[in-house]
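> Can you read through this structure? Questions will come right after.
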Amino acid sequence: EVVSRWSRLLAECDAGTSDGLDREGAVLRALFGGEPGFARFSRLVTAYEFDDALAALRQAAEQKGI
C-alpha cells in the first residue's frame, strides 16, 4: 500500500510528498533497509528529484519482493 501510494505521488510530482516523509518515515526506512537508503531517498524527495526518488523506491520494493 505504501509503495503504491508513494509511486503515484512521485509519478505525479506531488510536492506534498515531502510532508509524508515524517508521517511514513518508519515504514519507508524499513523498505529501504535502514538509514543509508532511506536518507538518499529522503534527499531526493526533498530536492524534488521525483524521477530519481521513484526509481529508488521501485528498486527498494523489488529487492523486498514487493
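The opening position of the sequence shown corresponds to residue 10 in the working numbering, with each subsequent residue numbered one higher. All residues carry an ideal CB built from backbone N, CA and C; glycine is no exception.
1) Taking the Cβ atom as the reference point for each residue, do V36 and V11 lie within a distance shorter than 8 Å?
2) Helix, strand or coil: how does DSSP classify F59 here?
3) In terms of residue numbering, what span does the alpha helix (DSSP H) encompassing A20 cover?
4) Smallest Cα separation from G34: which of D23, W15 and E21?
5) CB-CB under 6 Å to R38, same chain, minus the five flanking residues each way: which ones, in chain order?
On the basis of the coordinates in this document:
1) As a working note, residue 36 is residue 27 in the sequence shown. As a working note, residue 11 is residue 2 in the sequence shown. Contact flag set, yes.
2) For the purposes of this step, residue 59 is taken as the residue at position 50 of the sequence shown. Look at F59 here: in three-state DSSP terms it is helix.
3) Stepping through the sequence shown from its first residue, residue 20 is reached at position 11. Run containing A20: V11 to A20, per the alpha helix (DSSP H) assignment.
4) For the purposes of this step, residue 34 is identified with residue 25 of the sequence shown, where counting begins at 1. The candidate whose alpha carbon is nearest that of G34 is W15.
5) For the purposes of this step, residue 38 is taken as the residue at position 29 of the sequence shown. Apart from the 5 residues on each side of it in sequence, R38 sits with its Cβ closer than 6 Å to the Cβ of F47 in its chain, given in chain order.
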